[in-house]
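Asker: This is the structure, below, for whatever I ask next.
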Amino acid sequence: MAESLFGIHGAALEVRSQRMGLLSSNIANAATPGYKARDIDFKTALDARLNGAGSDAATAKAELYRVPLMPSMDGNTVELATEQVAFSENAVGYATTLSFIQSRVETLTRAIKGE
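Here you go:
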């Protein structure tokens, strides 16, 4: 029912939320020796989600390891600037998607009230 009400936006919000968690983990582990930075290919994850995959299965299909431009000596592949840009872009997308959902809820509320 929620998918018919919110269309693609509900699934997009789930994927963006999971990506935000992964990017946060990358940033938190920027100084951890041997840590491998990961990301989620948003389009691949969203397509999988829309084709019926569960949210965990969809993101698992779309998860990839980031290849660093300048590898560190300790094997850590997190490049803080790259992670911060990806996090910021994802946060903007998350806020935009949330705005679409909020607008839909407001429209439905007005329709129920007969406004």
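The sequence shown: position 17 = 16 (numbering that gives the first Met the number 0), numbered continuously. C-beta: ideal position from N, C-alpha, C; glycine also. Keep in mind the model is a prediction, meaning the values are calculated, not measured.
1) Give a yes or no on whether the C-beta atoms belonging to D38 and R18 are separated by under 9 Å.
2) Taking the runs of the alpha helix (DSSP H) that are 4 residues or longer, which of them lie wholly in the segment 0 to 41?
3) Taking the alpha helix (DSSP H) that L97 falls in, what are its first and last residues?
4) Look up L68 in the DSSP assignment and say whether it is helix, strand or coil.
5) Could you compute how far the alpha carbon of M0 sits from the alpha carbon of L12?
6) Whole angstroms is fine: what's the gap from I111's alpha carbon to S98's?
7) Among V104, A27, Y34, F5, which has the Cα closest to the Cα of N75?
8) For the structure I just gave you, are there three or more beta carbon pairs, one from the segment 59 to 76 and one from the segment 20 to 36, closer than 8 Å?
9) If A36 and R65 are in contact, beta carbons under 8 Å, what's the gap, nearest whole angstrom?
Answerer: The structure says:
1) Counted from its first residue, the sequence shown places residue 38 at position 39. Counted from its first residue, the sequence shown places residue 18 at position 19. In contact: D38 and R18 (Cβ atoms closer than 9 Å).
2) Qualifying alpha helix (DSSP H) stretches, in chain order: 1 to 5, 7 to 27.
3) As a first step, residue 97 is located in the sequence shown; it is residue number 98 there, counting from the start. Residues 79 to 112.
4) Locating residue 68 in the sequence shown gives position 69, where the first residue counts as 1. The answer is coil: DSSP assigns L68 none of H, G, I, E or B.
5) What you label residue 0 is simply residue 1 of the sequence shown in a count that begins at 1. What you label residue 12 is simply residue 13 of the sequence shown in a count that begins at 1. Legend: pLDDT at M0 = 44, less than 50; position of this residue unreliable, value from coordinates given subsequently. Taking the straight line joining both Cα atoms gives about 16 Å.
6) As a working mapping, residue 111 is identified with position 112 in the sequence shown. As a working mapping, residue 98 is identified with position 99 in the sequence shown. Straight through space, the alpha carbons of S98 and I111 are spaced by roughly 20 Å.
7) Along the sequence shown, one-based indexing puts residue 75 at 76. Of the listed residues, the one whose Cα sits closest to N75 is Y34.
8) Result yes; three or more Cβ-Cβ pairs closer than 8 Å.
9) Mapped onto the sequence shown, residue 36 falls at position 37. Mapped onto the sequence shown, residue 65 falls at position 66. Between A36 and R65 the beta-carbon gap is near 4 Å, inside 8 Å, which marks them as a contact.
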